[in-house]
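Scroll down for the structure; my scribbles are underneath it.
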Amino acid sequence: MRLPLTVIGGYLGAGKTTVLNRLLSEAHGQRLMIMVNDFGAVNIDAALLESRTDDTIALTNGCVCCTMGADLFMAIGDILDRPARPDHLLIEASGIGDPAAIANAALTEPELAYGGIATVIDGLTWDTLSQDAKIGAQIRGQAEAAQLLLISKSATTPAFLPDRTTQNLATQVPLAPLLLDQRPVSTPSRKTIPHPAYTNWSGCPARSMTAPDLRAALNTRPDSLFRLKGWVDAPSGKSWEVHCVGSQTDIKPAKRTKAHLIGIGLAEQSDPSVWQSWLTASLC
Amino acid sequence: MSDITVFAARKIITMDPNQPEATHVAVRDGYILAVGDAECANPWGGGTLNNELADKVLMPGFVEGHAHMMAGAIWDYTYVGYHDRTDPEGQHWSGLDTLDAVVERLTEADSKLPKGKPLVGWGLDPIFLSDERLSRRHLDAVSADRPIMVMFSNFHLLCANSAALDLVGYGAHTNVEGVVMGADGEPTGELQEMAAMFPVMRRLGVDFRALSLREDAVRSYAKVCQRVGVTTATDLFSTIEESDIGLLHRITADRDFPLRLVPALGTTEAPEANAAKALALREQSTEKLRLGAIKLMTDGSIQGWTARVRWPGYIGGQPNGIWNTAPDMIHALCLEMQRAGLPMHIHVNGDEASEVVMDALAEAKAAHPRPGLRHVLQHAQMMDAPQFARARELDLCVNLFANHIWYFGDQHVAQTIGPDRAASMDGCRAALDAGVNLAIHSDAPVTPMGPLFTAWCAVNRQTMSGQTLGAAQRLSVQEALYAITLGAAFTLGMDHEIGSIETRKRADFAVLGADPTQTTPETLCDIPVHGTVLGGTVHLL
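So the protein lines, in turn, are chains G and D.
Counted the way our numbering counts, the first sequence spans residues 82 to 365.
Counted the way our numbering counts, the second sequence spans residues 694 to 1234.
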């Protein structure tokens, strides 16, 4: 099983740990591993706390928080080497870091799957900070690298944001469907619970495709289809495992698996019939 | 009363203005008891004469104020860089100026390596190679079945052979930033940045963490230091944990371990947590392990165009560099470390970075005045006279990257900041003229450790092409020797115990084959080093 990796980006104080906390307490049924620079900053709900050591906090819902130490990538390697992997890995990028520099590892490492970049935007300060002479270019880069922008601290959307799927954190909808891998495909016992804010969809690609053809087909997918995951037949008799988030596409070879795709989008923007038409035209 | 040993030397350069030269030094309990002639121990009842160093020149043990422990264990890998280097065991490795030579050296290493073990090279810098770029084709010629990777000198790129690429599954279908694709639609083997490099490194068992804080890495680092006369060296950006202390205590307590090690804890956590950790570490200090300093990164490197520079920026029009720590966080960290009373070594390459850091320190010092708490601007390569004047006003030290002039000076003239600003880079003279305490460094393994070479760079300011870059910034030999002894000791807050040969200080010496004050400045770097004395214990090579 590939381990999906989602990166949470955003400038200092934007609210990255707030997002992680919210995710930890949602009823998504997944065992999360969360890597942070400093878990002193993650205010874990005391009711969820099971045990803690110097660099790890275990929660009663199966989730684990750990500090990443100085070498993030080696720490990712350590997690992949664990006998029992979590269901999903989330990494909180540093306030100055380029989240893509971390998330790209999910595209290169065969044992990881791309889970996306969500950048938290401080709705109050963004329009000033993003134009700052010293730091502006670097934090604009964090937003540009993201597939999902999460607006904190303000009900209004800042003016200087790139065009991305956007969710305001004031809206009390579950974040798991946007940030985590959808689950019914390989673990039917832990199906994603549908929420009216989101539209779920599934379809069956009928064609066997080469990687470049598949990539070209996936690149024409409707923008409203925010996450897409599944398997498509490969000419070799094997399959391609597909993880799409926003405009990013992760295609990796996999053993033969029944071709099927599942997708999700924001309900207000979604029209499953459009998604189905795209599937029929491009993958069938 | 303990034994007194009187070391005789051909000459002792003390760096003590009260007695600049001597022939004998008396040592008791690891400390210098007296300095002078053969009778210097007589007031103390005399001592046992030791003639082991009688034909050598002694200087205070050199102090390397900016290097990394990795400089030792990196030699586990095969060196394929452009410049000549010497490994911790003293073996000379000639620099390689063509890719054919790189392939030849790797082929030789391949023939000595057990079957199944990956081959790892390091130190390649394409900026110095005029022929084509290293690709997997070159490395496939070394071995078709053994996985091979060559780490570039900047640690941001590597090149892998086909066997290593196959382990990951990189191929024509790969479509990821950082995996460089050739005209044939296949990966060239060059991998850029950690996300692309990490899957190969993981499968080849290359873990940088193993290059520091493991027993062989620590011992190997001490050998690197001993070979160049260094008795006190930093490890700037240490990831040291409470759990590493036992090992470090055991190693450094060993009488045969020839180094005072000064790890500076990297800032990887929230300011308060970092400060608490450093304060706890400080309590664990011993005479040969000095803990409690902080290392703060700010910007990148000038030759990588990632340093934050002021107007007019890079001559090629490259975008301004990147912050590794946000200016707001730099302010927060400076404030907290100043509050906690922790000395900081702050990496600033570009002049915008030094400006931001001085703003932050001015604020921190106003909030929490602590006279005597020394912070050091490290590299500080683009600071000009007004910035040095401000550093003086703020009581800051600088540790300038003198080796850069020789290694990268020509590149700075032609490619990064142009001839005028390159001529004033690493402005040792401007720093001294402003009254700032000055140290100079190697940043090993970025450039090889060797304080006499570093002093030579500061004195001659010669580049690899033979040009003199910025003659106005040259130091005298005496000033350069000060910078690698007392100047560097001051930046570590250790000038009261090391850095000169005078009574009360620790008996730490560099054992030299010639007198640096009597050779021509052009040959300062050729003076042989025969080893060190640490706390009165002789460690000859």
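Glycine is no exception: its CB is placed at the ideal position from the N, C-alpha and C atoms.
Predicted model, so just to flag it, every value in this text is computed and none were measured.
One finds 185 in chain G with Cβ atoms closer than 7 Å to the Cβ of residue 870(D), taken in chain order. Within the same chain, and ignoring the five residues on either side of residue 247(G) in sequence, the residues whose Cβ sits closer than 6 Å to its Cβ are 230. Restricting attention to 1022(D), 1135(D) and 1002(D), the CA atom closest to the CA of residue 214(G) is found in 1002(D). For residue 331(G), the secondary structure class from DSSP, reduced to helix, strand or coil, is strand. Taken through DSSP and simplified to helix, strand or coil, residue 307(G) comes out as coil.
Put simply, of 875(D), 874(D) and 870(D) the residue whose alpha carbon is nearest the alpha carbon of residue 887(D) is 870(D). Unbroken alpha helix (DSSP H) stretches of 4 residues or longer found wholly inside the stretch 1072-1124 of chain D: 1078-1086, 1096-1104 and 1111-1116, given in chain order.
The stretch 896-909 of chain D and the stretch 932-943 of chain D touch, with no fewer than 3 CB-CB distances between them shorter than 8 Å. Taking CB atoms only, residue 191(G) has a neighbour in chain D less than 8 Å away. For residue 1015(D), the chain G residues whose Cβ falls inside 7 Å of its Cβ are 219, in order along the chain. Taking 8 Å as the CB threshold, residue 1012(D) lines the interface with chain G. In the assembly as shown, residue 365(G) is an exposed residue. Its beta-carbon has fewer than 16 other beta-carbons within 10 Å.
Residue state for residue 846(D) is assigned as coil, using DSSP reduced to three classes. At least one beta carbon of chain D lies nearer than 8 Å to the beta carbon of residue 296(G).
Taking C-beta atoms under 8 Å as the contact rule, residue 1220(D) and residue 1205(D) qualify, at a distance of about 6 Å. Listed by position along chain G, the residues whose Cβ is nearer than 7 Å to that of residue 755(D) form an empty set, because the closest Cβ is around 28 Å away. For a Cβ distance threshold of 8 Å, residue set 292, 293, 332 and 334 of chain G lies close to residue 866(D), ordered along the chain. Scanning chain G for C-beta atoms nearer than 7 Å to the C-beta of residue 1120(D) yields nothing, as the closest lies near 24 Å away.
The shortest CA-to-CA distance from residue 773(D) to any of 749(D), 716(D) and 843(D) is the one to 843(D). For residue 300(G), the nearest beta carbon of chain D is not closer than 8 Å to its own beta carbon.
With a cut-off of 8 Å on Cβ pairs, the stretch 117-135 of chain G is not in contact with the stretch 198-214 of chain G, counting fewer than three such pairs. DSSP places residue 90(G) in the uninterrupted beta strand (DSSP E) bounded by 84-90. Counting only runs of 3+ residues, the beta strand (DSSP E) found wholly inside the stretch 862-941 of chain D occupies 872-874, 880-885 and 923-931, in chain order.
When only Cα atoms are considered, residue 879(D) and residue 1079(D) end up about 52 Å apart. Residues of chain G whose Cβ lies closer than 9 Å to the Cβ of residue 862(D) are, in chain order, 191, 333 and 334. Within the stretch 332-359 of chain G, complete beta strand (DSSP E) segments of at least 3 residues are found at 341-347, given in chain order.
Interface criterion met: the Cβ of residue 900(D) is under 8 Å from a Cβ in chain G.
For residue 716(D), the closest of 725(D), 1123(D) and 706(D) by C-alpha to C-alpha distance is 706(D). Within the DSSP secondary-structure output, residue 241(G) pairs in no beta bridge. DSSP places residue 737(D) in no alpha helix (DSSP H); its state is neither H nor E. Considering only 249(G), 263(G), 226(G) and 328(G), the residue with the shortest C-alpha distance to residue 235(G) is 249(G). Look at residue 754(D) here: in three-state DSSP terms it is coil, with no helix or strand label. Look at residue 136(G) here: in three-state DSSP terms it is coil, with no helix or strand label. Taking a contact as a CB-CB distance under 8 Å, the pair residue 1105(D) and residue 995(D) counts as one, their CB atoms being some 7 Å apart.
Rounded to whole angstroms, the separation of the alpha carbons of residue 1108(D) and residue 830(D) is 29 Å. For the C-beta of residue 892(D), the chain G residues within less than 8 Å are, from N- to C-terminus, 186, 189, 190 and 191.
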